[in-house]
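Shown next, in structure tokens, is the structure this report addresses.
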Amino acid sequence: MDAGRRISYILSDKTSKQKKTKNISYIEFERNNEQNIMVSLSGHILGADFPEEFKDWVKSDLDKLIDSNIIYKVTNQRAYSALKSFSGIDNIIIATDYDREGELIGVEALKFIEPGYTNIRRAKFSALTSQEVKDAFDNLLDVNYGLADSAKAREEIDLLWGAVLTRFFSVTSNRLWKDFISVGRVQTPTLALIVEREEEITSFVPEKYFVINVTFNKGIDFQGVYEKNIKDEDEANKIFNAINGNDGIVKSYKNEKKEVYKPPPFSTTDFLREASRIGVTPSNAMKIAEKLYMSGLISYPRTDNTVYQRSIPLKSIAKKFEGTEFDNEAKMVLGQEKIYPSRGKVETTDHPPIYPVSYPKKALTGAYKNIYELIVRRFLATLYKNAVIEKSDADIDIKGYNFKSSGEKIIDNGWFDIYKYRKLREYKLPELVIGETVKGKKWNMEEKYTEPPKRYDVASLLKLMESLNLGTKSTRHDIIQKLNDRNFATGNPLRPTPLGIGFIKSITTIDSDIAKPDMTAELEKEMDKIAENQKKLDDVVNDSRNMLHSALKGFRGNKEEIKETITSYANKGDSIGTCPLDGGEISLIKFRNFSKIKCSTEGCKINFNLNATGLVQMTDKRCDVCSLPIIKIIRKGQSPEYRCVDPNCEYNRKKLSIGKCPSDGGDLIIRQSRYGKRFLGCSNYPKCTVTYPLPQKGVIMPTGEICRYCGAPLLIMVNGKRKWKFCPNMKCEYNRKDKVEKSESENK
DNA sequence: GCAAGGTC
1 MDAGRRISYI LSDKTSKQKK TKNISYIEFE RNNEQNIMVS LSGHILGADF PEEFKDWVKS
61 DLDKLIDSNI IYKVTNQRAY SALKSFSGID NIIIATDYDR EGELIGVEAL KFIEPGYTNI
121 RRAKFSALTS QEVKDAFDNL LDVNYGLADS AKAREEIDLL WGAVLTRFFS VTSNRLWKDF
181 ISVGRVQTPT LALIVEREEE ITSFVPEKYF VINVTFNKGI DFQGVYEKNI KDEDEANKIF
241 NAINGNDGIV KSYKNEKKEV YKPPPFSTTD FLREASRIGV TPSNAMKIAE KLYMSGLISY
301 PRTDNTVYQR SIPLKSIAKK FEGTEFDNEA KMVLGQEKIY PSRGKVETTD HPPIYPVSYP
361 KKALTGAYKN IYELIVRRFL ATLYKNAVIE KSDADIDIKG YNFKSSGEKI IDNGWFDIYK
421 YRKLREYKLP ELVIGETVKG KKWNMEEKYT EPPKRYDVAS LLKLMESLNL GTKSTRHDII
481 QKLNDRNFAT GNPLRPTPLG IGFIKSITTI DSDIAKPDMT AELEKEMDKI AENQKKLDDV
541 VNDSRNMLHS ALKGFRGNKE EIKETITSYA NKGDSIGTCP LDGGEISLIK FRNFSKIKCS
601 TEGCKINFNL NATGLVQMTD KRCDVCSLPI IKIIRKGQSP EYRCVDPNCE YNRKKLSIGK
661 CPSDGGDLII RQSRYGKRFL GCSNYPKCTV TYPLPQKGVI MPTGEICRYC GAPLLIMVNG
721 KRKWKFCPNM KCEYNRKDKV EKSESENK
């Protein structure tokens, strides 16, 4: 159930009714003997844009674009027509999310309701619980126009900087249309983080160091590690020779009980990180969470909040899991004398943390089951007790050198019994007495190397973006996806592409905030001033326009360098091997919709387009037809594909051929239609127009057999575990007769 | 065609 339906359902004591005419959908309900209409908005209704005259990227003057007025276009037609359709309204209550963007969405809606009334109020609730919603509508507030303006400033400044710099970098590097260079307040600093990390890794010089450790024994074996890592080999040898073969004397020993705190309630970022620990990617986890929310199983999944509001009936929710597979866990939680939920650092007023709302009537399966279970276990864990461990630490001396030993013993497993994704580990250390001698058993010196920092994976990047305040709970994973789609970064862990590196190098030629998280921080300050009526929307946007003029001036001064940097990096591509013809370097240069394979030697034949997704490698093999090299394309979960590097070579056509055309004997080839659907077509097109439709999913293989009814080649289809033979001619009798005969004979 | 922010 969406938010609008839930609110009206609560306010009307479950008597609300959904109404739908041709274009308009709304909800009617009665409350306190008054008729109400509820219109669900679902996001912004208006979007900022520039006037038509600035349509052409190459011809538009960017300084004029900066000073242009910003127009607003309807982007949510459904909400717009619903709002437009009513008249004779006495009161308006805005009940959007209680945050900056929510306030703006509400104010956008006011624009489209018949004017002429004065009574506009605002409902403030932070969870869609019965109590909160009813209280909110009994205690209405005023609309906060300043808050809405602060969001509008954000929107206009993002459009101005984004559009102006996107156009500047795209036009300057001559990468237009699908290959444009996208610049934005959130995406560009995020890409810069990925590029900076890659540079740290490539410039990293490993350093050698030595670790000395000793296995001691007192009843049981335990480890002591020399207190320092030693860089100097001579010093390491000196220490090792001194301690080797000797016993130790206990210099200090202490042990104390420590609590291991239970985790805070789930925010979106924490949820996505934990989901990726159990093997579900953030975008998948988000999709699943949205579906669970829509089916009423969990609360709203987009939230920064990590503190349960008082209105959430924690105990009665925990009760819902009695008698389910979480029976034990629920009873553990409910068996406590009092329940003290954990609290995180962030507390917001728009939504509760993510928690389960109900137990599914129909059992969930696959990733849905795992994600739901994660949310349930997290919820119950936040209501249970902290774990307790006994931590012991000792200093042990051998010949004047200090070794550290430590141990951890579980006293009470606490919440770890519920949240099975984490485990407490025990490290044994016997009880020691200061001054006693412990026997040495093994003495060891190890040579190690310092390691470069790790690349960010999607989970750690989400966390970092959150701490730098880049993006919001709803947009962060989209931004990472965008960097992927725009050919700036790839894979997980994320690496920048040559284009990504070249672009960041070129944008950091001048010291502009657009590549740093600072721009968001500054914007936040200005937005707060607007919200508190200390500054006006237009003044803030105009200040930003002036900063943009001067940033643009700076970039213009480096135009040649920017062009050179981006093109040289983008054209360098990734090296995928050496050229078997002349020993040159073969590069794969990626564009948004295709790639180029090119040899570094001037005049070399190898300079072809490549239409393929997946990892491309050179092989030593040569094509039988044209003797150019064969390339290998690797895709996840599929056997590798081999192709001649020349896309027009006969070798590739034969390989793709799935049989002969019954009309003229040409090759039937799997092709893609304009709309992305695959079909079989004759290689003699346009002379021969024979085509056959194909199933859109699964692997299609030739059989070499010919259909005895229509002469088309018979094919085998493999989709998951199922596998069947068919004739691509849908009307052919083969599919009715021969297929039936076969399955009957299998039944015998 | 541009951004980032909402969201069935």
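Numbering follows UniProt numbering, with no gaps: position 677 of the first sequence is 677.
Glycine included, every Cβ here is placed at the ideal spot set by N, Cα and C.
Just so it is clear, the structure is predicted and the values come from calculations on it, not from any experiment.
The three-state reading of DSSP puts I71 in strand, counting E and B together. Nearest Cα to D478 within the set C727, L464, M286 and I398: M286.
By the CB criterion at 8 Å, T75 and I45 fall inside the cutoff.
Restricting attention to C649, T281, G659 and A275, the CA atom closest to the CA of T691 is found in G659.
Of the candidates V164, T490 and K19, V164 places its Cα closest to the Cα of K59. Leaving aside the five residues that flank P498 on each side, the residues in its chain whose CB is nearer than 7 Å to its CB run, in chain order, Y569, A570, K572, G573 and D574. Pairing G471 with K423, the inter-Cα distance amounts to about 32 Å. Restricted to the segment 571 to 633, not a single alpha helix (DSSP H) segment is unbroken, complete and at least 4 residues in length. Scanning F210, T490, L628 and S173 for the CA closest to the CA of I562 turns up S173. According to DSSP, N213 shares a beta bridge with V225 and N444. Annotation for I157: no beta strand (DSSP E) segment contains it, though the alpha helix (DSSP H) segment containing it runs Y145 to T172. Scanning W443, V214 and P728 for the CA closest to the CA of P702 turns up P728. In the pairwise beta carbon analysis, the segment 288 to 296 is classified as not touching the segment 445 to 464: fewer than three pairs are separated by under 8 Å. In this structure, DSSP gives A381 a helical state, which the three-state scheme calls helix. Per DSSP, the beta bridge partners of R643 are I631. Under the DSSP definition of a beta bridge, A387 partners with V260. By the C-beta density criterion, Y340 is exposed, having fewer than 16 other C-beta atoms within 10 angstroms. Here the segment 187 to 198 makes contact with the segment 486 to 496; the two share three or more CB pairs at distances below 8 Å.
Proximity of the segment 617 to 624 to the segment 574 to 586 meets the contact definition, three or more beta-carbon pairs being nearer than 8 Å.
For D539, the enclosing alpha helix (DSSP H) covers residues L537 to G557.
The beta carbon of S81 is closer than 7 Å to those of N23 and I24 in its chain, skipping five residues each way along the sequence. Assigned with DSSP and collapsed to three states, F726 falls in strand. Assignment of beta strand (DSSP E) within the segment 405 to 457, counting only whole runs of 3 or more residues, yields 437 to 449 in chain order. Distance check between K516 and each of D63, K439, I411 and G184 places G184 closest, using alpha-carbon atoms only. Each of N36, N213, E101 and D61 was checked against the Cα of G88, and the nearest Cα belongs to N36. Using a Cβ distance threshold of 8 Å, K152 and L104 count as a contacting pair. The three-state secondary structure of F403, taken from DSSP, is strand. The alpha carbon of N32 has as its nearest neighbour, out of R277, D138 and T689, the alpha carbon of D138. Bounds of the beta strand (DSSP E) holding T691 are T691 to P693. Between the alpha carbons of K605 and C682 lies a distance of about 29 Å. Nearest to K454 by C-alpha distance, out of I510, D99, F216 and T202, is T202.
A contact is defined here as three or more CB-CB pairs under 8 Å, and the segment 143 to 151 meets this definition with respect to the segment 105 to 113.
Note on geometry: alpha-carbon atoms of E733 and Y709 lie some 7 Å from one another.
Secondary structure at E347: coil, using DSSP grouped into helix, strand and coil. When DSSP states are grouped into helix, strand and coil, N33 belongs to the coil group. Short of 8 Å from the beta carbon of E524, and not among the five residues preceding or following it, lie these beta carbons of its own chain, in chain order: N469.
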